[in-house]
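In UniProt numbering, the protein residues as written are 1 to 191. Glycine residues also receive a C-beta, built at the ideal position from the N, C-alpha and C atoms.
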Ligand SMILES: Nc1ncnc2c1ncn2[C@@H]1O[C@H](COP(=O)(O)OP(=O)(O)OP(=O)(O)O)[C@@H](O)[C@H]1O
Ligand SMILES: Cc1cn([C@H]2C[C@H](O)[C@@H](COP(=O)(O)O)O2)c(=O)[nH]c1=O
């Protein structure tokens, strides 16, 4: 089963993935962007916000995704795969940028992923207050520097993106305790 954890920056995706890894010691743990050799270079480029063109930025994420699907997801598709982000992030961030129409976002992602998408998408949802608190506790990268208003728009766009891609979405209150969230995810995986 291929599942993805989604959520805006600081929502708790990596925390949950490291908890889930204890319950699935044989799972493939992966992420977008940056799980492959080329992906690491792309991640460096995009997170330093070097692209002036939003379309270029979108295409860099898409290139990372195509490599990730070919190198990590496709060869392991019969195993448990837990991914930190997926095409859902790709569509959501681009929806908010607003330069590419929705039909193209879906078809470009279909092209990059060969139609392979997570079976379940877990969305960790933050409140404005908790997001601002968590951002204040860390050094911000180029995307996080865009601020909490922007990130909350992305949070709504993650829901829209999941619908556009026609994927199963499980929304989770990310302000709950780390342990309660892990249990909620585990119970849902088993359903
Ligand atoms: N349920 C929780 N309650 C309180 N704090 C949490 C919870 N989950 C994670 N945190 C804290 O919030 C911060 C961000 O968590 P984490 O790195 O897991 O988020 P993320 O979604 O992977 O972030 P990013 O996308 O920016 O890499 C960390 O300091 C983490 O310890
Ligand atoms: C896959 C993907 C990601 N992004 C953004 C979202 C985050 O701000 C960063 C990734 O950082 P993280 O610490 O690994 O969460 O990139 C994006 O804009 N578009 C995408 O397709």
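Specify, as a first and last residue, the run of the beta strand (DSSP E) that residue i falls within.
i, result
"residue 141", "Run containing residue 141: none; DSSP gives neither H nor E here."
"residue 2", "2 to 6"
"residue 9", "Neither: residue 9 is in no beta strand (DSSP E) and is coded neither H nor E."
"residue 30", "28 to 31"
"residue 83", "81 to 84"
What do you get for residue i, buried or exposed, if any count of 16 or more other CB atoms within 10 angstroms of its CB means buried?
i, result
"residue 197", "Nothing can be reported for residue 197: it is not among the residues displayed for the chain, which extend from 1 to 191."
"residue 137", "exposed"
"residue 89", "buried"
"residue 115", "exposed"
"residue 165", "buried"
"residue 31", "buried"
"residue 122", "buried"
"residue 141", "exposed"
"residue 177", "exposed"
May I ask which residues mark the beginning and end of the alpha helix (DSSP H) holding residue i?
i, result
"residue 103", "102 to 113"
"residue 162", "148 to 164"
"residue 72", "Where residue 72 is concerned, there is no enclosing alpha helix (DSSP H), given that its DSSP letter is neither H nor E."
"residue 180", "178 to 190"
"residue 22", "13 to 23"
Would you kindly work out how many angstroms separate the C-alpha atoms of residue i and residue j, rounded to a whole number?
i, j, result
"residue 187", "residue 52", "43 Å"
"residue 150", "residue 83", "23 Å"
"residue 127", "residue 156", "12 Å"
"residue 105", "residue 40", "23 Å"
"residue 77", "residue 6", "19 Å"
"residue 130", "residue 152", "11 Å"
"residue 79", "residue 119", "12 Å"
"residue 179", "residue 185", "10 Å"
"residue 144", "residue 85", "16 Å"
"residue 108", "residue 33", "17 Å"
"residue 4", "residue 61", "16 Å"
"residue 173", "residue 102", "27 Å"
"residue 28", "residue 117", "15 Å"
"residue 112", "residue 65", "7 Å"
"residue 48", "residue 134", "20 Å"
"residue 160", "residue 124", "14 Å"
Compare the C-beta of residue i with all C-beta atoms of chain C and state if any pair is closer than 8 Å.
i, result
"residue 28", "Checking the listed chains, one finds no chain C in this structure; it contains a single protein chain."
(message) Below 8 Å, how does it come out for the segment 89 to 98 and the segment 55 to 62: are there three or more Cβ pairs, yes or no?
(response) yes
(message) Assess contact between the segment 154 to 170 and the segment 14 to 27, defined as three or more Cβ pairs (one per stretch) separated by less than 8 Å. Is contact present?
(response) no
(message) As a quick check of your reading: which residues have a C-beta less than 5 Å from at least one non-hydrogen atom of ligand 1, in chain order?
(response) 9, 10, 11, 12, 13, 14, 15, 134, 178
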